[in-house]
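Here the numbering used here = 1-based position in the sequence shown + 1297.
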Amino acid sequence: MVFEAAGAPILTTVCDCASCREAGRRIEALPGAAPVLDADGGTSFVLHRKDRVRCTSGGEQLKEYRLKPDSPTRRVVATCCNSAMFLEFNKGHWLSLYRNRIPGAPPVEMRVMTRDRPDGAPLDGNVPAYATHSVAFMWRLFAAWFAMGLRTPRGIDGTKIEA
């Protein structure tokens, strides 16, 4: 499975939301699956504009998983090794690539959704942490969308995801 991403990422983040943690546990339970969750239970992502990411090899081995059939997000796994590859939000203009799948990934810039962390779970304090999606997080997404002409391209596997 080979992906290419052109240009700088929008953002590198750790998500602590309950959905990302649950999806990580489910994917990690697949036979031979690579780790999804970080040591502290968060999920690290590198967000890229969807129009700048493409699968150059192995796309036929991608399979989507959703927490619920009507979930607005899908997590996509490479069936050859059960490794989580990316998360895609319906109608989103960005793709959240699992950071642990990217050799030489950029450092994490912030943590989001820390309000969903288990009670008493400490934060490392090395990066800014926000209870929800911060203004800085949303601004970076909006700036990328604006640079794309406020359009939402097709999904990485060529499908247009509709809500």
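The C-beta atom is built at its ideal place from N, Cα and C for all residues, glycine as well. This structure is a prediction, so every number in the text was calculated from the model and none was measured.
Asked, Found
"Going straight from the alpha carbon of Gly1338 to that of Thr1449, what length do you get?", "31 Å"
"Using alpha carbons as the reference points, say which of Ala1303, Val1333, Thr1309, Arg1323 lies closest to Arg1398.", "Val1333"
"What whole-angstrom Cβ distance do Val1343 and Ala1303 have, given they're in contact under 8 Å?", "About 13 Å separates the two Cβ atoms, so there is no contact after all."
"Three or more C-beta pairs closer than 8 Å, one from the segment 1413 to 1426 and one from the segment 1370 to 1385: is that the case here?", "no"
"Tell me which residues share the same chain as Phe1386 and place their Cβ nearer than 7 Å to its Cβ, disregarding the 5 neighbours each side in the sequence.", "Pro1369, Thr1370"
"What number of angstroms, rounded off, separates the C-alpha of Ala1331 from the C-alpha of Ala1444?", "34 Å"
"How long is the line joining the alpha carbons of Cys1314 and Ser1354, rounded to whole angstroms?", "31 Å"
"Give me the Cα-Cα distance between Met1407 and Val1311, rounded to the nearest whole angstrom.", "7 Å"
"Sort out for me which residues DSSP pairs Ser1354 with in a bridge.", "Val1299"
"Here's a check: name, in chain order, each residue in its chain whose Cβ is nearer than 6 Å to the Cβ of Ala1428, leaving out the five neighbours to either side.", "Thr1411, Arg1412"
"According to the neighbour-count rule (16 or more other Cβ atoms, all chains shown, within 10 Å of its Cβ), is Phe1439 buried or exposed?", "exposed"
"Using C-beta distances below 8 Å, list every residue in its chain close to Arg1318, excluding the 5 sequence neighbours before and after it, in chain order.", "Leu1334, Gly1338, Gly1339, Thr1340, Asp1413"
"Taking C-beta to C-beta, are Met1307 and Ala1441 nearer than 9 Å?", "The identity of residue 1307 in the sequence shown is Ile, whereas the question assumes Met. Taking 9 Å as the Cβ cut-off, Ile1307 and Ala1441 qualify as a contacting pair."
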